[in-house]
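Numbering (our numbering), first residue to last: 85 to 385.
Cβ coordinates follow ideal geometry from the N, Cα and C atoms, glycine included.
Since the model is a prediction, treat every value here as computed from it, not as a measurement.
Here's the structure, in C-alpha cells; my notes come after.
Okay, structure coming up:
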C-alpha cells in the first residue's frame, strides 16, 4: 500500500462513516479497485477507525461529557438499548460477515441503502407530528418554565435542560427501533448512519436530533467493531499488520479523522431533505454500476 492509496482510503473512511452512503461498502469497493491484499486491507481499515473515533469524541464532546456526568441517566440506557441488536446480529452472523465483505452482495446492499434514504423523503415531519411527540414537547417546555423560576440555578438548569432534551424526545422503544436499523447495517454496503437516521425520522424525531443520536450510537458500534477486529488480528496467524508502514498508517488515520470531522459537522449543521436525496441517487447509481461490473464487465470484481 502506498501513500496515495492510504490517503484516499482514509478520506473515504472518514467521510462515508458519517454520511449515509456506507463506509464498509466503499472500503470494500476501493480495496478491490486498488487491488490491496485482503488481509492487509482488513488490518488497515480496522485501524482507520481510530481516526473516526477521535473525530466523534471531539465533535460530540459536550454530549459525551454530559453523559459521563450522568452515567446512569436515560441517555446512557438509550445508547445501550440501541447497541444490543447490532451485538446480537454480529454474534449470530459470525464468520458469514467475512464472506459478505468479499463484496458479492455489495451492489444489492448499495441499492438497499438508496431505497432506505429515498423512503425518508416521504416523511413530512413538520405536518405530521404525532400526539405523543406533542405531549413530550409540552413536558419539556413545562420543565423549562419551572426551571427558570428557580433564581439560584437559572444558568445551570438552562444548560441541563438543553442537554437533556434529546434524551427526553427519544423513547426506549424508539432507541430499540434505531438499534434494529443499526443491526441491518452490519452488512457491507448498507449505511449505518443512513439506516439509523431513517428509523429515527420515521419515529418523527427531529432531523438534527436524529443525527446527534445516530452519532452517539456510533461510538459503541465503532469501538466494539474495532476491538473485535483487533482481537481477530492478534489471535490469528496473519502478519498483515506488520507489513503496513507506520507512516502510511498515520497518514490514513489522520485523513480519516479530518474527513470524519468535516462529515460530522456537515451532517449536524447542513443536512436537508435535498441532501438525503442526493445521497440516495448516488448510492443507487453506484449500486447499479457495481452490479453491472459484477455480472458483465468484471473490471473490478
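Measure the CB-CB distance between residue i and residue j and report whether it falls below 9 Å.
i: residue 256; j: residue 151; result: no
i: residue 299; j: residue 352; result: yes
i: residue 328; j: residue 107; result: no
i: residue 294; j: residue 201; result: no
i: residue 91; j: residue 384; result: no
i: residue 365; j: residue 263; result: no
i: residue 100; j: residue 347; result: yes
i: residue 194; j: residue 265; result: no
i: residue 163; j: residue 259; result: yes
i: residue 143; j: residue 345; result: yes
i: residue 342; j: residue 95; result: yes
In three-state terms, what does DSSP make of residue i?
i: residue 110; result: helix
i: residue 123; result: helix
i: residue 442; result: The structure shown does not extend to residue 442, since the chain is modelled only from 85 through 385, so no value can be given for it.
i: residue 247; result: Bear in mind that a pLDDT of 47 at residue 247, under 50, signals an unreliable position, so the number given afterwards is only what the model happens to contain. Helix at residue 247.
i: residue 372; result: helix
i: residue 88; result: helix
i: residue 231; result: Low local confidence applies: a pLDDT of 45 at residue 231 is under 50, so the model's placement there is unreliable, with the coordinate-based value given in what follows. Here residue 231 sits in helix by DSSP.
i: residue 171; result: helix
i: residue 204; result: helix
i: residue 354; result: helix
i: residue 102; result: helix
i: residue 133; result: helix
i: residue 383; result: coil
i: residue 277; result: helix
i: residue 255; result: coil
i: residue 313; result: helix
Using CA atoms only, rank isn't needed, just tell me which of the options is closest to residue i.
i: residue 192; options: 384, 383, 378, 148; result: 378
i: residue 292; options: 319, 254, 373; result: 254
i: residue 357; options: 207, 383, 336, 319; result: 207
i: residue 146; options: 361, 278, 250; result: 250
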